[in-house]
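>
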Amino acid sequence: MTHSTLGFLAVMVSTGCSPASGDGDGAESPTLVAQDARARCSPEDSSRRSISRDAKGCRQIMFVCAPDETPFFDACGCGCQRR
Numbered sequence: 000m001t002h003s004t005l006g007f008l009a010v011m012v013s014t015g016c017s018p019a020s021g022d023g024d025g026a027e028s029p030t031l032v033a034q035d036a037r038a039r040c041s042p043e044d045s046s047r048r049s050i051s052r053d054a055k056g057c058r059q060i061m062f063v064c065a066p067d068e069t070p071f072f073d074a075c076g077c078g079c080q081r082r
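Numbering (numbering that gives the first Met the number 0), first residue to last: 0 to 82.
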């Protein structure tokens, strides 16, 4: 990677860039759930593909979902969910 690419990534991470900061059309807004929802997290949910099960750790992860998926961020962690 070049220095400019590394600088860009550092800025993106430090500013908290997330899918919710996109163009504002609402199609990619994260799913928000109350913190006590962790008890309802189901690893068998076939419509979701988890990237991390650590909700706090998700703030540090940058990922891209497939075109037929939307990102989710909730008490269960973060990842991609089929539309």
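Where a beta carbon is used, it is the ideal one built from N, C-alpha and C, also for glycine. As the structure is a prediction and not an experimental result, all values here were calculated from the model.
Might you give, ordered along the chain, the residues of its own chain that have their beta carbon closer than 6 Å to the beta carbon of Arg52, omitting 5 neighbours on each side?
By 1-based counting over the sequence shown, the position of residue 52 is 53. The residues are Gly76.
> Would Arg81 be called buried (16 or more neighbouring beta carbons within 10 Å of its own) or exposed?
Stepping through the sequence shown from its first residue, residue 81 is reached at position 82. That one is exposed.
> Taking its Cβ as the centre, do 16 or more other Cβ atoms sit within 10 Å of Gly56, making it buried, or is it exposed?
Within the sequence shown, numbered from 1, the residue matching residue 56 stands at position 57. The residue is exposed, with fewer than 16 neighbouring Cβ atoms inside 10 Å.
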